[in-house]
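Residues in the sequence shown are numbered consecutively from 1, following full-length UniProt numbering. To start, the structure under review is shown below, and the notes come after it.
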Amino acid sequence: SAPSPRSQPPLCPAAASPVSGSMFSWVSKDARRKKEPELFQTVAEGLRQLYAQKLLPLEEHYRFHEFHSPALEDADFDNKPMVLLVGQYSTGKTTFIRHLIEQDFPGMRIGPEPTTDSFIAVMHGPTEGMVPGNALVVDPRRPFRKLNAFGNAFLNRFMCAQLPNPVLDSISIIDTPGILSGEKQRISRGYDFAAVLEWFAERVDRIILLFDAHKLDISDEFSEVIKALKNHEDKIRVVLNKADQIETQQLMRVYGALMWSLGKIINTPEVVRVYIGSFWSHPLLIPDNRKLFEAEEQDLFKDIQSLPRNAALRKLNDLIKRARLAKVHAYIISSLKKEMPNVFGKESKKKELVNNLGEIYQKIEREHQISPGDFPSLRKMQELLQTQDFSKFQALKPKLLDTVDDMLANDIARLMVMVRQEESLMPSQVVKGGAFDGTMNGPFGHGYGEGAGEGIDDVEWVVGKDKPTYDEIFYTLSPVNGKITGANAKKEMVKSKLPNTVLGKIWKLADVDKDGLLDDEEFALANHLIKVKLEGHELPADLPPHLVPPSKRRHE
1 SAPSPRSQPP LCPAAASPVS GSMFSWVSKD ARRKKEPELF QTVAEGLRQL YAQKLLPLEE
61 HYRFHEFHSP ALEDADFDNK PMVLLVGQYS TGKTTFIRHL IEQDFPGMRI GPEPTTDSFI
121 AVMHGPTEGM VPGNALVVDP RRPFRKLNAF GNAFLNRFMC AQLPNPVLDS ISIIDTPGIL
181 SGEKQRISRG YDFAAVLEWF AERVDRIILL FDAHKLDISD EFSEVIKALK NHEDKIRVVL
241 NKADQIETQQ LMRVYGALMW SLGKIINTPE VVRVYIGSFW SHPLLIPDNR KLFEAEEQDL
301 FKDIQSLPRN AALRKLNDLI KRARLAKVHA YIISSLKKEM PNVFGKESKK KELVNNLGEI
361 YQKIEREHQI SPGDFPSLRK MQELLQTQDF SKFQALKPKL LDTVDDMLAN DIARLMVMVR
421 QEESLMPSQV VKGGAFDGTM NGPFGHGYGE GAGEGIDDVE WVVGKDKPTY DEIFYTLSPV
481 NGKITGANAK KEMVKSKLPN TVLGKIWKLA DVDKDGLLDD EEFALANHLI KVKLEGHELP
541 ADLPPHLVPP SKRRHE
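Printed below as a string of structure tokens:
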């Protein structure tokens with residue numbers, strides 16, 4: 001998208017002198033910059049314009065696209081949130097998609113052997129059908145045009161399955177080929193598998209790594225792939241699938257082994273979030289951990305459902321990451337250009353510079369106060385520099401860098417405000433349909449009929465069955481006119497050893513008539529809520545209708 005023309009103020013006579021002329025141009029530039037945010041109707045449009053006008057010139061000047069990532073296109077700013085599934089063969093990636101959308105999709109093949117040998121983008125479309133890779137990369141409405149660079153070997157193994165499905169209204173899902181162990185698989189692909197995944201990782205909103213509880217080994221290629229996702233740890237979630245096929249004790253050991261293995265590959269001090277479960281619609285083989293699986297599935301679904309709401313923020317975050325890398329790249333390229341001789345000894349100097357790239361990194365780090373985490377991988381950069389002609393590199397152009405700094409300092413901050421405004425104006429955007437609707441409401445909703453929800457469908461008051469026991473305690477606490485004081489109730493309630501903040505909340509819920517005293521029913525209710533909390537359930541924010549004591553219910 002080309003920068004939009006802006007009307008210039010008429011020149012004044014003073015502009016003839018060089019001093020006032022330069023001063024005038026500075027004023028007009030500043031005025032222009034202040035006006036700019038008004039041009040953005042939406043966050044996506046703002047990001048697109050900022051990229052085209054401020055970041056792209058820097059990227060092109062220093063050949064950023066040859067080293068790191070192709071230029072962004074309009075479709076990258078407008079596309080729906082995407083979820084990338086990665087895992088070794090037969091960990092249940094395709095079945096996981098089938099489970100989410102509750103529908104077969106074109107090109108789907110499932111089996112214990114490595115069946116999915118292609119990248120399949122599962123997207124929304126008016127009719128069911130397949131679009132082959134070569135056609136996908138020339139479609140300007142899809143965010144895949146830059147995949148062209150990976151060549152025919154990849155494009156023959158890339159396709160889009162489109163189908164009308166409510167889940168795909170909000171998100172798109174990318175299924176990837178199963179990763180095999182052994183050297184043969186890496187050689188026979190014909191394209192750089194890790195580089196393709198890295199390309200997707202930059203553009204997706206969530207990366208889900210799937211593991212099979214039965215075969216936990218992380219092959220060399222899988223380890224390489226996880227390392228290729230290095231700068232996107234914030235997007236990674238891990239699913240330990242097929243967990244219903246092993247006993248609880250084994251599951252505990254498998255979980256420990258998985259965390260240990262991941263800790264060695266993903267070098268972050270934080271622990272990755274692992275969801276345990278059986279993500280398909282078949283009966284559980286070993287149902288002992290059913291409650292755990294239900295809670296984990298619910299958590300994962302909530303995480304995926306939040307993606308549309310956070311999509312603009314994710315795109316903003318990725319643009320900031322990209323701008324920081326582009327700045328560092330500009331410093332590296334211009335430093336190499338500066339060190340090159342004009343006439344003789346270019347090749348030997350080039351070799352020396354590539355070998356000493358680590359020292360150049362440190363020098364840039366000191367001179368420009370840049371964090372070491374912003375630099376690209378040293379080994380990868382050295383490999384890429386071997387084939388480059390250093391004499392064609394550009395010297396440092398501070399104006400281009402100042403423009404990007406201005407974008408990061410001012411324009412991005414304004415867009416952050418717009419992101420929040422957009423979120424508040426939109427109705428709560430969540431993924432709907434498929435498996436996401438199965439547990440929303442009704443008796444199979446998560447936690448239905450448990451904890452404070454126990455007895456929700458009973459005719460009798462659920463507290464009634466234990467009330468005789470609570471009554472015995474109640475009458476030992478010296479009730480006056482059938483009610484006990486807060487001080488007397490406290491003596492009994494603190495025996496539960498629950499903290500005062502929790503007991504205070506229970507008191508508020510149990511004192512239904514808000515008179516600062518508890519009658520026998522309210523006291524029984526307080527004890528029931530203590531039992532709910534001690535069993536590990538959460539307290540409700542407000543007292544549910546089925547827990548209101550019978551004498552306090554308003555009969556219509």
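Ideal Cβ placement from N, Cα and C applies to all residues, glycine included.
Under the rule that 16 or more other beta-carbon atoms within 10 Å means buried, what is residue 130, buried or exposed? The residue is exposed, with fewer than 16 neighbouring Cβ atoms inside 10 Å.
Residue 344 classed as buried or exposed, judged by whether at least 16 other C-beta atoms fall within 10 angstroms: When all chains shown are included, residue 344 counts as exposed.
Chain-order list of residues whose beta-carbon lies under 6 Å from that of residue 519 (same chain, five-residue window excluded): Correct list, in chain order: 482, 483.
Is the segment 336-350 in contact with the segment 64-77, if contact means three or more CB pairs nearer than 8 Å? With a cut-off of 8 Å on Cβ pairs, the segment 336-350 is not in contact with the segment 64-77, counting fewer than three such pairs.
Between the beta-carbon of residue 75 and the beta-carbon of residue 140, is there less than 8 Å? It is a contact, given that the beta carbons lie within the stated cut-off.
In the DSSP assignment, what residue or residues form a beta bridge with residue 483? Its beta-bridge partners are 480, 519.
C-alpha gap between residue 316 and residue 86, whole angstroms: The straight-line gap from Cα to Cα measures roughly 24 Å.
For residue 365, which residues from the same chain have a beta carbon less than 7 Å from its beta carbon, with the 5 sequence-adjacent residues on both sides left out? Hits under 7 Å: 372.
Name the DSSP beta bridge partners of residue 172, please? For residue 172, DSSP records a beta bridge to 82.
Tell me whether the segment 246-261 and the segment 212-231 touch, counting them as touching only if at least three CB pairs, one residue from each stretch, are closer than 8 Å. Cβ pair count under 8 Å is three or more, so yes.
Which ranges does the alpha helix (DSSP H) cover as unbroken runs of at least 4 residues, wholly within the segment 39-103, from first to last along the chain? Within the segment 39-103, the complete alpha helix (DSSP H) segments of 4 residues or longer fall at 43-50, 56-61, 64-67, 74-78, 93-101, listed in chain order.
Between the CA atoms of residue 299 and residue 289 - distance to the nearest angstrom: A direct Cα-Cα distance of roughly 16 Å separates residue 289 from residue 299.
Give the range of the beta strand (DSSP E) segment to which residue 163 is assigned. The continuous beta strand (DSSP E) containing residue 163 extends over residues 158-163.
Would you grab the beta carbon distance between residue 374 and residue 328 for me? Rounded to a whole angstrom, and I think it's under 8 Å. That pair is a contact at about 5 Å.
Nearest residue (CA-CA) to residue 210, options 175, 49, 133: Of the listed residues, the one whose Cα sits closest to residue 210 is 175.
With a cut-off of 8 Å on the beta carbons, I'd call residue 579 and residue 525 a contact; round off their distance for me. One cannot answer for residue 579 here, as it falls past the ends of the chain, which runs 1 to 556.
Is the Cβ of residue 281 closer than 8 Å to any Cβ of chain D? Considering every chain present, this structure includes no chain D. It has just one protein chain.
Do the segment 223-233 and the segment 199-207 make contact, defined as three or more Cβ pairs closer than 8 Å? Output reads yes: the segment 199-207 touches the segment 223-233.
I'd like to check one pair, residue 239 with residue 197: are the Cβ atoms closer than 8 Å? Result no, Cβ atoms of residue 197 and residue 239 do not sit closer than 8 Å.
Does the Cβ of residue 554 have 16 or more other Cβ atoms within 10 Å, making it buried, or fewer, making it exposed? The residue in question, residue 554, is exposed, as its Cβ has fewer than 16 Cβ neighbours within 10 Å.
Comparing alpha-carbon positions, which option in 335, 539, 417 lies nearest residue 509? When each option's Cα is compared against that of residue 509, the closest is 539.
My understanding is that residue 521 touches residue 549, with C-beta atoms under 8 Å, so please give their C-beta distance in whole angstroms. 4 Å between Cβ atoms; contact.
Taking buried to mean at least 16 other C-beta atoms within 10 Å of its own C-beta, is residue 565 buried or exposed? Outside the displayed range of the chain (1 to 556) lies residue 565, so it cannot be described from this structure.
Where residue 552 and residue 515 are concerned, what is the direct C-alpha to C-alpha distance, given to the nearest angstrom? Each residue's alpha carbon lies about 13 Å from the other.
Who are the near neighbours of residue 105 in its chain, counting only those whose CB is closer than 6 Å to its CB and skipping five residues on each side? Answer for residue 105: 122, 161, 163, listed in chain order.
N- and C-terminal bounds of the beta strand (DSSP E) containing residue 191: In the DSSP assignment, residue 191 falls outside any beta strand (DSSP E) and carries neither an H nor an E.
Comparing C-alpha positions only, which one of 259, 264, 266 sits nearest to residue 276? Nearest of 259, 264, 266 to residue 276, Cα basis: 259.
Since residue 130 sits in a beta bridge, which residues does DSSP pair it with? 161.
Determine the direct distance from the alpha carbon of residue 61 to that of residue 394, and round the result to whole angstroms. When rounded, the distance between both Cα atoms is 7 Å.
Within a Cβ cutoff of 6 Å, which residues of the same chain sit near residue 537, ignoring the five residues on either side of it in sequence? Cβ neighbours of residue 537 beyond the five flanking positions: 451.
So, residue 436 versus residue 167, is the Cβ gap smaller than 8 Å? Going by C-beta atoms, residue 436 is nearer than 8 Å to residue 167.
With a 10 Å radius around its C-beta and 16 neighbouring C-beta atoms as the bar for buried, classify residue 542 as buried or exposed. Using a 10 angstroms sphere on the CB of residue 542, the tally of other CB atoms stays under 16, which defines it as exposed.
List the endpoints of the continuous alpha helix (DSSP H) containing residue 570. Since the first residue of the chain shown is 1 and the last is 556, residue 570 is not available in this structure.
Range of the contiguous alpha helix (DSSP H) that encloses residue 152: Taken as a continuous stretch (DSSP letters only), the alpha helix (DSSP H) holding residue 152 covers 151-155.
Buried or exposed: where does residue 513 fall if 16 or more other Cβ atoms within 10 Å of its Cβ makes it buried? It is exposed - the Cβ of residue 513 has fewer than 16 other Cβ atoms within 10 Å.
Of all the options 191, 117, 159, which has the alpha carbon lying nearest to the alpha carbon of residue 150? The shortest Cα separation from residue 150 among 191, 117, 159 belongs to 191.
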